[in-house]
Every structure is written in structure tokens, then in C-alpha cells.
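Enquirer: Dropping a structure here in C-alpha cells format, bear with me for questions.
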Amino acid sequence: MTKFHMNRRGVLKGAGAGLVTLATPHFFTKGAWAQDFCNNPTGSTVTFGLNLPLTGTYAEEGADELKAYELAVKHLNGEGDGGLLNVLKPSALKGNGILGKKVQFVTSDSQTLSDVARAGATRMIERDNAIMITGGSSSGEAIAVQSLCQEMGIIFMAGLTHSNDTTGKDKRRYGFRHFFNAYQSGIAIAPVIGEAYGKDRRAYHLTADYTWGWTQEESIKAATEALGWETVATVRTPLGAGDYSQFLTPVLNSGADVLILNHYGNDMVNSLTQAVQFGMRDRQANGKQFEIVVPLFSELMAKGAGENIKGIFGTSNWHWALEDEGSQAFTKSFGAAYGSPPSQAAHTAYVQALLYADAVERAGTFYPPEVIKALEGFEFDGMGNGPTLYRAEDHQCMKSVLVVRGNENPTSQFDVLNVVQVVDRETTTYDPSIFGGDLGPAEPVPMCK
Amino acid sequence: MFEVIFLQFLNGLDKGSAYALIALGLTIVFGTLGVVNFAHGALFMLGAFCAVAFRRLLTLETVTIDPEKMSPWGQPLEVREPLVQAWFGDFGAVLVNYSVPLSLLLAVPVMLLAGVAMERGIIKHFYKRPHAEQILVTFGLAIVIGELIKAFFGPNPHPQPMPTDLRGAADIGAWLGMQAGVITYPLWRLVYFLFAVVIIGGVFAFLQFTTFGMVVRAGMADRETVGILGIDIDRRFTIMFGIAAIVAGMAGVMYTPLLPPNYTLGMEFLVISFVVVVVGGMGSLPGAVAAGFLLGILQSFASMTQVKAFLPGIDQIIIYLVAVVILLVRPRGLLGRRGVMEA
Numbered sequence: 063m064t065k066f067h068m069n070r071r072g073v074l075k076g077a078g079a080g081l082v083t084l085a086t087p088h089f090f091t092k093g094a095w096a097q098d099f100c101n102n103p104t105g106s107t108v109t110f111g112l113n114l115p116l117t118g119t120y121a122e123e124g125a126d127e128l129k130a131y132e133l134a135v136k137h138l139n140g141e142g143d144g145g146l147l148n149v150l151k152p153s154a155l156k157g158n159g160i161l162g163k164k165v166q167f168v169t170s171d172s173q174t175l176s177d178v179a180r181a182g183a184t185r186m187i188e189r190d191n192a193i194m195i196t197g198g199s200s201s202g203e204a205i206a207v208q209s210l211c212q213e214m215g216i217i218f219m220a221g222l223t224h225s226n227d228t229t230g231k232d233k234r235r236y237g238f239r240h241f242f243n244a245y246q247s248g249i250a251i252a253p254v255i256g257e258a259y260g261k262d263r264r265a266y267h268l269t270a271d272y273t274w275g276w277t278q279e280e281s282i283k284a285a286t287e288a289l290g291w292e293t294v295a296t297v298r299t300p301l302g303a304g305d306y307s308q309f310l311t312p313v314l315n316s317g318a319d320v321l322i323l324n325h326y327g328n329d330m331v332n333s334l335t336q337a338v339q340f341g342m343r344d345r346q347a348n349g350k351q352f353e354i355v356v357p358l359f360s361e362l363m364a365k366g367a368g369e370n371i372k373g374i375f376g377t378s379n380w381h382w383a384l385e386d387e388g389s390q391a392f393t394k395s396f397g398a399a400y401g402s403p404p405s406q407a408a409h410t411a412y413v414q415a416l417l418y419a420d421a422v423e424r425a426g427t428f429y430p431p432e433v434i435k436a437l438e439g440f441e442f443d444g445m446g447n448g449p450t451l452y453r454a455e456d457h458q459c460m461k462s463v464l465v466v467r468g469n470e471n472p473t474s475q476f477d478v479l480n481v482v483q484v485v486d487r488e489t490t491t492y493d494p495s496i497f498g499g500d501l502g503p504a505e506p507v508p509m510c511k
Numbered sequence: 008m009f010e011v012i013f014l015q016f017l018n019g020l021d022k023g024s025a026y027a028l029i030a031l032g033l034t035i036v037f038g039t040l041g042v043v044n045f046a047h048g049a050l051f052m053l054g055a056f057c058a059v060a061f062r063r064l065l066t067l068e069t070v071t072i073d074p075e076k077m078s079p080w081g082q083p084l085e086v087r088e089p090l091v092q093a094w095f096g097d098f099g100a101v102l103v104n105y106s107v108p109l110s111l112l113l114a115v116p117v118m119l120l121a122g123v124a125m126e127r128g129i130i131k132h133f134y135k136r137p138h139a140e141q142i143l144v145t146f147g148l149a150i151v152i153g154e155l156i157k158a159f160f161g162p163n164p165h166p167q168p169m170p171t172d173l174r175g176a177a178d179i180g181a182w183l184g185m186q187a188g189v190i191t192y193p194l195w196r197l198v199y200f201l202f203a204v205v206i207i208g209g210v211f212a213f214l215q216f217t218t219f220g221m222v223v224r225a226g227m228a229d230r231e232t233v234g235i236l237g238i239d240i241d242r243r244f245t246i247m248f249g250i251a252a253i254v255a256g257m258a259g260v261m262y263t264p265l266l267p268p269n270y271t272l273g274m275e276f277l278v279i280s281f282v283v284v285v286v287g288g289m290g291s292l293p294g295a296v297a298a299g300f301l302l303g304i305l306q307s308f309a310s311m312t313q314v315k316a317f318l319p320g321i322d323q324i325i326i327y328l329v330a331v332v333i334l335l336v337r338p339r340g341l342l343g344r345r346g347v348m349e350a
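Chains as they are written, first to last, in my numbering: chain A, 63 to 511; chain B, 8 to 350.
Here it is as C-alpha cells:
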């Protein structure tokens, strides 16, 4: 019979063997991740790929997004006043980069063109080893880049994209959108314009001829027709048309008494300015004052349109004058850095950068499937839109939406919009299945090398 | 229905004005120097940026800090005051208000200089080269000018407000004795059309009724014979290149309230203007003007809802369809000289 002896050396050996055994699955898994996903950052830095329209129809938004990303990277690296890092709840961000790696970025000018955006994203993934692609001010770009990112196993945090398709029929497992969409614009704006202009109206749509324009036209048409409005005509205009006179003249004698401009960026500035030059805001039609509605606009566009935006209704994702802690903190950081308040494009870009970083911290890895899991169904607050859910079913953020109106009596050059109503998250939440689509698999395809 | 057609006709005149002005300059250059100048659209854009630069000069501001007022981000507010208004009071405000038409004063010398420099510096070296090389070098020049403008003014458009007196719409229906408000059209677009008529008329009068113009026309018809007579036709052609640049530049200045200019503006008009020149007849000044207005009007009618219901997208291709038909049926263009482009 052998006697069982316990001594210090035996205990240490046993404990060591036990620890190795316990750590083995984790060790192997970590090793697998280290080699099996695209652009796994092995050095002391991690690179974001910023895909921005710095030229083209949406260049103003792109420039503001770039400022926001620069600020976000500073804050993530522990520089500056910390911005929204201090107010995001819950937050795993520490202000020391992401998982201890310093954040840096590369940029690419997408020129507001989908093919250029896709080529730029490819370059940033393959040449610059970007771990995440973000940015964009056009849904055409967003959908093209999102699809590419799904193929390459790189997470895409969309910037300004408002088409229903981005998180609808074209949604992807690797794509996430913080910005609201056209359907939510329709839900938010319809009651307000119904009350302001009445239920007996005849609307004429001019629509940018690409995915965003189509879905916004569809959503606003459905929402206004539900009010009792009649749609006289829906006319498509080329993106970046410039001169809208040939599209505006038919409106004058069409029997319509409301013009709905489904245009964004410089297109909206041009079409609205030219509509006003055609005297549309001074007209009477069907015994009523002729009205113009721009379902989506930003403060940058309002500044561009100048006097013409006064009194025009629209919707926005966010506005710098909101009084919650997050909005105030971001406006203060951005204003101090750049001398002007941030636009909604800047806000969504900044928030997306932080949400990605936070998800990586919570996942404890850059491995995309784990980051995706951390983002899906994530409930957070403090970013300026109230309690927000990153919905798992379609990767669309569910949050409040603003109905805005061009300020009739601005007190400064920045005071161009008034928030008319904050439409709460419950009202703007919809069934994700109505737009179809399939997120696809989370497992990455290691094809970027 | 009459109102709809009439409004589209006015739109056509408005579009045609821009097409005709650019095509006129292109034709002058081709007719005199035999150069296919792909940089001509860039001259239109350069003119537009004369308006931008002039307004920037007029709206230079003094910036002072008001420590008592705070910005929304908690910093002392900047108070800006335009210098011109500080110096000249109400007259300064009038200058700013009329900055677009006043910038023609800047555009004329700038465009003359730019045109002459372009011709003497680069284009004269390509007179005897094939058209393909001329196109390559002038296209490259257009890109260089565009990039220079982008470097100085940035990539974004620069809206230029029209004078307040010329904002809004004119009630043309009421002028014609019809019901008020039925036919209204933006005042500035009417101004642009009248401006184009004056400039086109001026160029034709200059060529028709001055000795200089007579020599140039003679040179266009037979350059060698004019040279044998001891006339320095090259110098006159250089001046004509400058005049073509001025016409393009002035057209660009007055177009800025209709379409905020950016560095791509020239390219947007260039292709259509070449089609206009081909349809009108290479080297034919009346042809360029006639084709400019004709294609502008056709394009506007093609964009009518009633037309597009039968032929979707026709408004985007009508100009090119017409060009194809003209080139097949009458290769020298509507008013082109026999033998030009017919070989």
C-alpha cells in the first residue's frame, strides 16, 4: 500500500499542471484568432480606415466626419478632454487606445462615388492593414463598402447613410449603422407636417436617383399618403445634377401644393435654392400656400441654403443644441477643436468610432465575430440620442429621431435649425423583417492577404 | 399645357445661353487657330472663380473677440465685421450685394491674361501638331487648372448670391396679359439670357463691323493670303484667343448664382459644348450659337414629364442623339462650311 504524501513541491507541480490544462483551450483559440482573421493587429498600434467623401456632392459632410474621427482617435488615445468617453454608459473604454494599442487612421477620398469608395476601402484593408472601415456620406457608398467588408471579414461602421436598404435588404453581418433611416424619417415627420399643412395636400417628389433617394421617396410617400395626402408625381433626378430648372418647371403647373425634395448635400442646396428662385415659396396652389419639405437635412446643408431653409421642415439624427450631457460634451469638444459646432454627420462618425472601440474592449479581442457579438443587442446611453439599442436583427440603432425646422430668426451663423420635436425610440422602432435581407455569416473569410 | 411648354422653352433659352457662350469661344479658337481646345471649359470655371475671389475680397472681415458673449462650446465669441461696410457704409453693402455683376470688372483682365498666357505659353507650340495631340495637351491643361483651383479654393462649391433686387421670380404670364402666377420664371435666369444675347451680339458686331474683325474673318477664311499681305495674323489670332477666354469667363461669372462653382464646373459643360460646336458646324460662329440654343431647348422639352412617360431617360441622351443624327446626315454640322469635318 502506497502512502499519499503532500509536500510543497507536489502542490506546486499539481497547480502548474492544472493551470496549463485549464488554459489550453483558450491558448489554442487565441492562437487560432491570431492567425485566422484579416489584419489582426500584432504591433503596438491599430489602424482605422476612414472612407470619406472629401470631394463630390457630399463633400461638406465628409470633411466634418473627418474632423470627428480625428477627435475620436485623440479621445480614444487619452488625449484632449475625453469627449464622450466620459459619458458613454456602460463603457469599457479606458482612454489608452484599444486593448492597449494606440489608435491611428488612414483616409481615402471616396469622391461620393460607390466604386471609388469600394476601391479605397480595399486599398486601406490590403495595403494599410485597417482593422475597421468607417465613414461615408452616401448610402450608395455604404452599401458597396459594407458588402466588400463582409467578403473580407472586416467590420464596417457606417457613417452617414439613410437608405432603408443599408440595414434592410442589403444588410450585412459585418455592417453596423448608428444613423437613422428613411422609414424612421417618415414616421417622425408625417404627423408634424400633417399638423402644420393639413391633411388635404398634393405632393410632388423630386428624388435623387439612387438607393437612398428611392427608399426615402417610398417612405415619405407612404407616410404622407397615410395622412391623406395625394402624390401627384415622383420624378427622379441624377445625383449631382446641379441645374434643376428642367425638373422644377413641371412642378409649377402640376397641381401640386407641396414639393418634397428627396435630395441631400449640395444637391439639396441647389434644388432648394433654385425652387425658391422659381418663386415656389411665394406661390398659392389649390387655394393654399405652396410648401417645400426636405425630409432629411443637416446644419451644413442649412448653412449652404442660407435664407432659403427658413421655415422648412425636415428630420435629423442629432443636433448640437440638444441639452443632454452627451450632446453638450461632444459640442464642447468639437467646438473647442474646430471653432464650429459638429454636424449630425460628425456626431454619427464620432459615435461609431467609440462604439467599435468599446465593443473590442468588451470582447477582449479584435477578432471580428466576437466584436460583432459585443455590438449586437448592445444597449447604451449618453451619446446624445437617449437610450439606444444596436438591434441584433438588422444592426440598426434604435433611438429617438429629431424633427427640425429652418430657423426663422437665427441669433448666430450656427443657429440655423430648431428642433421642433424629439420623436422617441418607441415610436420610431419598427419590425426589422419588413425590409427583408439577410445578415449572412459572422465567420470571417481570411482573404485580405 | 401652353404654360408648361412655354416654361420649358424659357428653360431651354437659359440652358442654351450657357451652351452658346461656351461654344462661341470654342468656335472662335477652332476657327482662328485650328485648335481643338479642351481647356475651354476650364476657362468658364476660371471666370466663375473670379466671382468667388471678388466676393471674398469684398467680404474680408475684421475679427474681434467679445469676452462677454460665449459660443455654445464655452469659448469667447468672435465678432466679425466686413471691412468694406466698415469703410464705405451703405455703399459698401451695395458693393457686396452686387458682387457677381461687379466681378466682371475683375474677370475681363484676368481672363484676357489667362487666355493670352495659355495661347502663347503652350498652345502655340501645338498649331502644326495633329488634333489628337492638341486634345491631349489642352485636356491636361484643363486638369491642371482644375487642380489649381481645388488647391486654392477647396473641393466644395461656393454659392454666390445674386443681387437682392434680382432674386425671386418674374411674373411673365402677367406681363403677357395672362392670369397672374401662371407663368413665373426666375429673374436672374432672364438676366442671364439677356446677358448672353448682348455678349453674342457684341462678338458678332466686333467681327463684322471693325477692321480688326474683318482681318480676323479674312484670316479664318485664308490665313496664308492674309499673311502674304503683310498682316501679322498670328498676333490677331492670339488676341482672339484672349477674347474667347473673356467670353467664357464672363459666362462663368454670371452663371455662379445659378450653380455654385467648384473645380469640376468646367468639365460639366465641356462635353456638351463640344457637341454643340459639332452640331452647329466646326468653325461656324452662327452655327455654334444656333446649336447652343437649339440643343438647350430640345433638352428642356425632353425633360417634360409627358415626354419622359413615353421615352424614359430621353432628357439625359437627347443632345447626344441629335449629335449622332447630325453627324450621320450632315457631317459638317448645321451651318458648317463645306469640307470641314466632311473628309
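Cβ atoms here follow ideal geometry from the backbone N, Cα and C, with glycine treated the same way.
With 16 other CB atoms within 10 Å as the buried threshold, where does Ala244/A fall?
Expert: As a position in the first sequence, residue 244/A is number 182, starting the count at 1. Buried: at least 16 other Cβ atoms inside 10 Å.
Enquirer: Output, in chain order, the set of chain A residues within a Cβ distance shorter than 9 Å of Ser307/B.
Expert: Sequence index remark: in the second sequence, residue 307/B carries index 300 (1-based). Neighbours of Ser307/B on chain A, chain order: Ser307, Gln308, Thr311.
Enquirer: Ignoring anything shorter than 3 residues, give me the beta strand (DSSP E) runs that lie fully in the segment 374-403 of chain A, in order along the chain.
Expert: 375-378
Enquirer: By DSSP, does Cys57/B sit in helix, in strand, or in coil?
Expert: As a working mapping, residue 57/B is identified with position 50 in the second sequence. Three-state DSSP puts Cys57/B in a helix.
Enquirer: Would you grab the beta carbon distance between Arg344/B and Ser310/B for me? Rounded to a whole angstrom, and I think it's under 8 Å.
Expert: Taking the second sequence and counting its residues from 1, one reaches residue 344/B at position 337. Taking the second sequence and counting its residues from 1, one reaches residue 310/B at position 303. 33 Å between Cβ atoms; not a contact.
Enquirer: Between which residues of its own chain and Thr491/A is the CB-CB distance below 8 Å, once the five residues before and five after are set aside?
Expert: Residue 491/A sits at position 429 when you count from the first residue of the first sequence. Once the five neighbours on either side are set aside, the close Cβ partners of Thr491/A are Met460.
Enquirer: Is Asp319/A helix, strand or coil by DSSP?
Expert: Within the first sequence, the letter at position 257 stands for residue 319/A. Asp319/A: coil per DSSP, three-state reduction.
Enquirer: Distance cutoff 8 Å, beta carbons only. Does Trp382/A sit that close to anything in chain B?
Expert: Position 320 of the first sequence holds residue 382/A. The Cβ of Trp382/A sits closer than 8 Å to at least one Cβ of chain B.
Enquirer: Using 8 Å as the limit for Cβ to Cβ distance, is Pro403/A near chain B?
Expert: Reading the first sequence from its first residue, position 341 is the one you call residue 403/A. Closer than 8 Å: yes.
Enquirer: Select from Ser106/A, Lys136/A, Ala154/A the residue whose C-alpha is nearest the C-alpha of Ser395/A.
Expert: Position 333 of the first sequence holds residue 395/A. Closest option to Ser395/A, Cα to Cα, is Lys136/A.
Enquirer: Of all the options Val463/A, Gly118/A, Lys261/A, Gly142/A, which has the alpha carbon lying nearest to the alpha carbon of Pro162/B?
Expert: Here residue 162/B corresponds to residue number 155 of the second sequence, with the count starting at 1. Nearest C-alpha to Pro162/B: Gly118/A.
Enquirer: As a quick exercise: from Leu33/B, Gly99/B, Gly128/B, Ala181/B, pick the residue whose alpha carbon is nearest that of Pro89/B.
Expert: Translated into the one-based positions of the second sequence, residue 89/B becomes position 82. Cα-wise, what sits closest to Pro89/B is Gly99/B.
Enquirer: In whole angstroms, what separates the C-alpha of Pro312/A from that of Arg189/A?
Expert: Taking the first sequence and counting its residues from 1, the one referred to as residue 312/A is at position 250. Taking the first sequence and counting its residues from 1, the one referred to as residue 189/A is at position 127. Each residue's Cα considered, the two are about 50 Å apart.
Enquirer: In terms of residues, what are the limits of the alpha helix (DSSP H) holding Glu122/A?
Expert: Position 60 of the first sequence holds residue 122/A. 121-138 is the extent of the alpha helix (DSSP H) around Glu122/A.
Enquirer: Does the Cβ of Asp512/A have 16 or more other Cβ atoms within 10 Å, making it buried, or fewer, making it exposed?
Expert: Missing from the structure shown is residue 512/A; chain A here goes from 63 to 511 and no further.
Enquirer: For a test of the three-state rule: what should DSSP assign to Arg432/B, helix, strand or coil?
Expert: With chain B represented from 8 up to 350, any question about residue 432/B goes unanswered, as that position is not in the structure.
Enquirer: DSSP three-state call for Gln208/A: helix, strand or coil?
Expert: Start at 1 with the first residue of the first sequence, and residue 208/A comes out as number 146. In the structure shown, the three-state DSSP call for Gln208/A is helix.
Enquirer: Give the residues from the segment 69-92 of chain B that approach chain A closer than 7 Å (Cβ to any Cβ), ordered along the chain.
Expert: Ser78, Pro79, Trp80, Gly81, Gln82
Enquirer: Quick one: list the residues of chain B neighbouring Phe238/A, beta-carbon separation under 7 Å, in chain order.
Expert: Walking along the first sequence from the start, residue 238/A turns up at place 176. The premise fails here: Phe238/A is roughly 28 Å from chain B at the closest Cβ pair, so nothing lies under 7 Å.
Enquirer: In chain order, which beta strand (DSSP E) runs of at least 3 residues are fully inside the segment 72-124 of chain B?
Expert: 83-89
Enquirer: Can you give me the Cβ contacts of Ala391/A inside the same chain, cut-off strictly under 7 Å, excluding the 5 residues immediately before and after it?
Expert: Taking the first sequence and counting its residues from 1, the one referred to as residue 391/A is at position 329. If we look at Ala391/A and ignore the five residues flanking it on each side, its Cβ neighbours are Gly145, Leu146, Asn148, Val149.
Enquirer: Is any beta-carbon of chain B found at less than 8 Å from that of Phe340/A?
Expert: The residue labelled residue 340/A in the question sits at position 278 within the first sequence. Closer than 8 Å: yes.
Enquirer: Would you list, in sequence order, the uninterrupted beta strand (DSSP E) runs of no fewer than 3 residues that lie entirely inside the segment 181-225 of chain A?
Expert: 194-197, 217-220
Enquirer: Taking only beta carbons into account, state which residues of the segment 179-196 of chain B come closer than 9 Å to chain A, listed in chain order.
Expert: Gly188, Val189, Ile190, Thr191, Tyr192, Pro193, Leu194, Trp195, Arg196
Enquirer: For the alpha helix (DSSP H) that Thr489/A lies in, which residues bound it at each end?
Expert: Numbered from its first residue, the first sequence carries residue 489/A at position 427. Run containing Thr489/A: 487-490, per the alpha helix (DSSP H) assignment.
Enquirer: If we require 3 or more residues per run, which beta strand (DSSP E) segments fall completely within the segment 214-279 of chain A?
Expert: 217-220, 237-239, 264-270
Enquirer: Step through the CB atoms of chain B and report whether any lies within less than 8 Å of the CB of Leu301/A.
Expert: For this step, residue 301/A is matched to residue 239 along the first sequence. So no, Leu301/A is outside the interface.
Enquirer: Could you tell me whether any Cβ in chain B is nearer than 8 Å to the Cβ of Leu146/A?
Expert: Reading the first sequence from its first residue, position 84 is the one you call residue 146/A. So no, Leu146/A is outside the interface.
Enquirer: Give the DSSP-derived three-state secondary structure of Ala94/A in the structure shown.
Expert: To locate residue 94/A, count along the first sequence from 1; it is residue 32. Note on Ala94/A: pLDDT 43, under 50, position unreliable in the model; no value is reported.
Enquirer: Counting only Cβ pairs nearer than 7 Å, list the residues of chain B close to Asn315/A.
Expert: Walking along the first sequence from the start, residue 315/A turns up at place 253. Within chain B, the residues near Asn315/A are Glu10, Val11.
Enquirer: Quick one: measure Cβ to Cβ for Leu116/A and Asp171/A, integer angstroms, because I've assumed they're closer than 8 Å.
Expert: As a position in the first sequence, residue 116/A is number 54, starting the count at 1. As a position in the first sequence, residue 171/A is number 109, starting the count at 1. Their Cβ separation, rounded to whole angstroms, is 4 Å, which keeps Leu116/A and Asp171/A in contact under 8 Å.
Enquirer: Count the other CB atoms within 10 Å of the CB of Gln346/A; is the residue buried (16 or more) or exposed (fewer)?
Expert: On the first sequence, residue 346/A is found 284 positions in, with the first residue counted as 1. Its Cβ having fewer than 16 others within 10 Å, Gln346/A is exposed.
Enquirer: Just to check my reading of the structure: Ala204/A and Thr228/A have Cβ atoms closer than 8 Å, yes? What is that Cβ distance to the nearest angstrom?
Expert: Position 142 of the first sequence holds residue 204/A. Position 166 of the first sequence holds residue 228/A. So it is a contact: roughly 5 Å between Cβ atoms.
Enquirer: Less than 8 Å between the beta carbons of Leu335/B and Ala298/B, yes or no?
Expert: Reading the second sequence from its first residue, position 328 is the one you call residue 335/B. Reading the second sequence from its first residue, position 291 is the one you call residue 298/B. Not a contact, by the Cβ cut-off of 8 Å.
Enquirer: What are the boundary residues of the alpha helix (DSSP H) that Tyr327/B is part of?
Expert: To locate residue 327/B, count along the second sequence from 1; it is residue 320. It spans 321-336 - the alpha helix (DSSP H) in which Tyr327/B sits, taken as one unbroken run.
Enquirer: Between Phe476/A and chain B, is any beta-carbon pair separated by less than 8 Å?
Expert: Within the first sequence, residue 476/A is the residue found at index 414, counting from 1. Judged by the 8 Å Cβ criterion, Phe476/A is in contact with chain B.
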